[in-house]
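For the working numbering, add 9 to where a residue sits in the sequence shown, where the first one is 1.
Just so you know, even glycine gets a beta-carbon here, dropped at the ideal spot from N, CA and C.
Have a look at the structure below before the remarks.
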Amino acid sequence: MDDCIFCKIVKGEIPCSKVYEDNHVIAFLDIAPASKGHTLIVPKEHYEIIPNVPNALLEKTIDVVKKIGCALLKENDGFNVMQNNRKAAEQLVPHVHFHVIPRNNGDGLDVAKWKSSKYAEGEMEEMLAKLKDNMR
Ligand SMILES: [Zn+2]
């Protein structure tokens with residue numbers, strides 16, 4: 010993908026603050042962090058969303074998510090892992106990536122807060138059936 014910002018970072022055409030790199034995966038600091046240490050973990054090969062990524066590569070990517078999370082836990086109380094697929098889910102760069110966001114007690118970040126909703130009568134069973142059907 011010629012116009013993909015993450016592909017350009019992978020090729021070294023755009024500089025980044027590289028935290029980790031191997032043959033398949035790169036991790037670098039987000040330039041607009043939710044908190045200090047916010048890291049992006051990106052498979053080097055271009056895929057738009059999770060369903061496109063071969064399982065072996067996804068596993069390698071998650072290994073790096075774990076590595077970064079472990080490192081961040083040495084300096085922080087916790088971390089969030091976020092991964093967005095498509096614009097509807099607020100994916101800004103259409104190249105699969107994971108956010109690892111350091112958290113500390115009382116930091117007040119809104120990262121993982123959503124307003125809970127409720128199922129109407131019978132709606133949960135309907136959703137369950139539909140989802141299970143779509144997994145076939
Ligand atoms: Zn890309």
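C-beta atoms of residue i and residue j nearer than 8 Å
i	j	result
I77	A36	yes
H55	C13	yes
H33	K69	yes
H47	H108	yes
K53	V19	yes
N89	A121	yes
D116	S44	yes
E135	H104	no
R112	G131	no
Which of helix, strand or coil DSSP assigns to residue i
i	result
K27	strand
N114	coil
N143	helix
V19	helix
Residue from the options whose Cα sits closest to the Cα of residue i
i	options	result
V102	E30, L66, D39, L137	D39
R95	P60, K139, A121	P60
L66	A80, L81, I50	I50
I110	A98, N85, M133, Q100	N85
D31	V73, V90, I58	V73
Inset, instruction - May I have a chain-ordered list of the alpha helix (DSSP H) segments no shorter than 4 residues that lie completely inside the stretch 34 to 81? - result: none
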